Amino acid sequence: MEEMNELFYRDPYCREFDAVCVSCEKTKRGWEVILEDTAFYPEGGGQPGDHGTLNGIPVLDTRRIGGQVVHITEQEISAGTAVHGEIDWERRFDHMQNHTGEHIVSGLIHINYGYDNVGFHMGDILQLDFDGEVTFEMMRNIERQANRIIWRDLPVQIAFPSQEELDVLEYRSKKELTGTVRIVTVPDADICACCGTHLKRTGEVGVIHLLSCTKHGNGTRIEMLAGNRALTYLEGIADQNTGISHLLSAKPLETLKAVTRLNEMNGELKYRMNGIMSSYLQYKVQAMEESDGTVVMVEDGLDSNAMRQLCNMIIEAHKAGVVAVLASNDEVSCRYLIMSSGMDLKDVCRTFNQKLNGKGGGRGVMVQGTYNVPASEAMRVLERELQ
Numbered sequence: 047m048e049e050m051n052e053l054f055y056r057d058p059y060c061r062e063f064d065a066v067c068v069s070c071e072k073t074k075r076g077w078e079v080i081l082e083d084t085a086f087y088p089e090g091g092g093q094p095g096d097h098g099t100l101n102g103i104p105v106l107d108t109r110r111i112g113g114q115v116v117h118i119t120e121q122e123i124s125a126g127t128a129v130h131g132e133i134d135w136e137r138r139f140d141h142m143q144n145h146t147g148e149h150i151v152s153g154l155i156h157i158n159y160g161y162d163n164v165g166f167h168m169g170d171i172l173q174l175d176f177d178g179e180v181t182f183e184m185m186r187n188i189e190r191q192a193n194r195i196i197w198r199d200l201p202v203q204i205a206f207p208s209q210e211e212l213d214v215l216e217y218r219s220k221k222e223l224t225g226t227v228r229i230v231t232v233p234d235a236d237i238c239a240c241c242g243t244h245l246k247r248t249g250e251v252g253v254i255h256l257l258s259c260t261k262h263g264n265g266t267r268i269e270m271l272a273g274n275r276a277l278t279y280l281e282g283i284a285d286q287n288t289g290i291s292h293l294l295s296a297k298p299l300e301t302l303k304a305v306t307r308l309n310e311m312n313g314e315l316k317y318r319m320n321g322i323m324s325s326y327l328q329y330k331v332q333a334m335e336e337s338d339g340t341v342v343m344v345e346d347g348l349d350s351n352a353m354r355q356l357c358n359m360i361i362e363a364h365k366a367g368v369v370a371v372l373a374s375n376d377e378v379s380c381r382y383l384i385m386s387s388g389m390d391l392k393d394v395c396r397t398f399n400q401k402l403n404g405k406g407g408g409r410g411v412m413v414q415g416t417y418n419v420p421a422s423e424a425m426r427v428l429e430r431e432l433q
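The sequence shown: position 25 = 71 (my numbering), numbered continuously.
As C-alpha cells, then:
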C-alpha cells in the first residue's frame with residue numbers, strides 16, 4: 047500500500063490548502079497535475095475521487111497513477127506554480143458519511159452472520175456484496191444495530207499497526223497486503239483495513255437506511271444510503287406517503303391498508319367491466335353482416351385484450367380468414383391487431399409496417415403494434431391490400 051502520508055490522510059477535514067505544482071501533462075482525460083502535497087482524495091477502495099478547484103480551475107477527477115495522486119484538470123497548471131486548492135466539501139463529506147456507514151453495516155454483518163464483504167461500489171446508491179444469504183429480516187436487524195452505533199457517537203479510530211500487531215489482530219479485508227496497512231476501527235461494529243477517508247465520530251453519519259437485499263451470484267447484494275443521501279431519500283418517501291394519505295383519506299401509517307382496499311375495488315371493477323365489454327363485443331359481432339373472408343374495422347376505446355377478444359369472436363362467428371381491428375391513439379396514429387384463422391401473418395405484418403410507418407410484430411396467426419397514420423387511412427390501406 048501507499049505510505050498514506052498525504053494531507054487528505056493527515057487531515058481528512060481539510061477543505062482548502064496551498065501547495066506547489068510538481069508536474070503537468072496533457073492526456074486524453076485532460077491535464078494531469080501532480081502537487082507536492084494534496085487534500086484531494088484519489089479514487090480507490092470503492093470511494094470516488096474528489097472534485098474541486100486548483101487556482102479556480104475545475105478538478106474533474108482525482109486518481110492514483112503509479113503511486114502519485116493525479117488531479118485531472120480542465121486547464122494547464124505549469125510546474126512550479128503555487129496553487130490554492132479547494133475541495134468540493136459537500137461531495138467529499140457525503141462520501142465520508144457513506145463510506146463510514148458502509149463500514150458499520152459490513153462490520154455488523156460480519157459480526158452477526160460471519161459473512162465477508164466481497165464487493166463495494168459507491169454510486170448514487172451504495173452497493174454492498176456479501177458471500178452469504180441475507181434475508182429482509184436480517185437486513186432490518188442490521189439497520190437497527192447500525193443506527194444504534196450512530197446514536198452512541200463513537201470515535202472512529204485510525205491506526206497503522208506494526209506487522210507483529212497485525213499478525214494477531216482480527217480485522218476484515220485486504221489481509222494479503224504487505225507494508226503499511228491502515229486499520230479503521232468503529233468500536234463494537236468493525237475493524238477493517240481501508241484506504242478511504244472517514245468521519246471522526248459515528249454520530250456524523252446521521253442515519254443509515256438499507257434499501258434492499260437481493261440474491262447476487264452465490265451471495266447477497268444490499269443497497270444502502272447514509273447521511274444526507276438517506277435523509278433526502280426518506281424525506282421523498284415521506285412526501286410521497288403524505289400525498290397518498292391525503293388522496294385516500296388514510297392515516298400515514300395506514301396507507302398500505304388503504305391502497306390494498308383500493309386495489310381490491312379496482313379488481314372488482316375490472317371484472318365487471320370485462321363482463322360488460324364481452325357483452326358489448328358479442329353485440330357488435332352479432333350485428334355484423336356476413337364477411338367475405340376478410341374483416342377490417344376501427345373500434346376506438348379498446349385495449350389490446352379487447353381487440354384480441356373481438357378478433358377471436360369474429361373469426362369464430364363469421365368464419366373470417368383474416369380480421370384486423372384498429373383503435374386510434376390520437377389523430378395521427380393508431381394501434382392494430384391482426385389475426386387469422388390459420389395463415390402465418392409475419393410477412394403481412396412486415397409489409398404493412400413499411401407501408402404505414404408502423405412498428406410491431408408477433409408470430410403465427412396474430413400480430414400487433416402501432417401505425418403512425420390515422421386509423422381511417424390505415425383502414426383504407428388494409429381493406430384494399432387484404433382483399
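Note that the Cβ used here is the ideal one computed from N, Cα and C, for glycine as well. In this text, all values refer to a predicted model and were calculated from it rather than measured experimentally.
Among L100, M353, C241, A370, whose alpha-carbon lies nearest the alpha-carbon of G435?
This structure cannot speak to residue 435, because the chain is shown only from 47 to 433.
Short Cβ contact (9 Å threshold) for L200 with V151:
no
Should F63 and G131 be called a contact, given that it needs their Cβ atoms to be closer than 9 Å?
yes
Mind reading off the beta-carbon distance from D349 to S374? Whole number of angstroms is fine, and I expect it under 8 Å.
The Cβ separation is near 13 Å, so there is no contact.
For I171, which of helix, strand or coil comes out of DSSP?
coil
Using 8 Å as the cut-off, can you tell me whether the segment 244-255 makes contact with the segment 135-155, which would need three or more C-beta pairs spanning the two stretches below that distance?
yes
Where G95 falls, given that 16 or more other Cβ within 10 Å makes a residue buried
buried
Report the rounded CA-to-CA distance for I268 versus K303, giving the unit in angstroms.
Using only the alpha carbons, I get a separation of about 27 Å.
Grab the span of the alpha helix (DSSP H) containing V151 for me, first residue to last.
Run containing V151: 135-159, per the alpha helix (DSSP H) assignment.
Short of 6 Å in beta carbon distance, which residues of its chain neighbour V180, apart from the five on each side in sequence? Order them along the chain.
Result list for V180: C259, T266, in chain order.
Tell me, please, whether the segment 184-201 touches the segment 308-323 by the rule of three or more beta-carbon pairs shorter than 8 Å.
no
Alpha helix (DSSP H) containing A192: first to last residue?
182-197
What is the rounded straight-line gap between the Cα of M50 and the Cα of E82?
14 Å
Backbone CA spacing between E78 and T119 [nearest angstrom]
Distance between the alpha carbons of E78 and T119: 7 Å.
I'd like to know whether the C-beta atoms of R228 and N163 end up nearer to each other than 9 Å.
Contact check for R228 against N163 fails: the beta carbons are separated by 9 Å or more.
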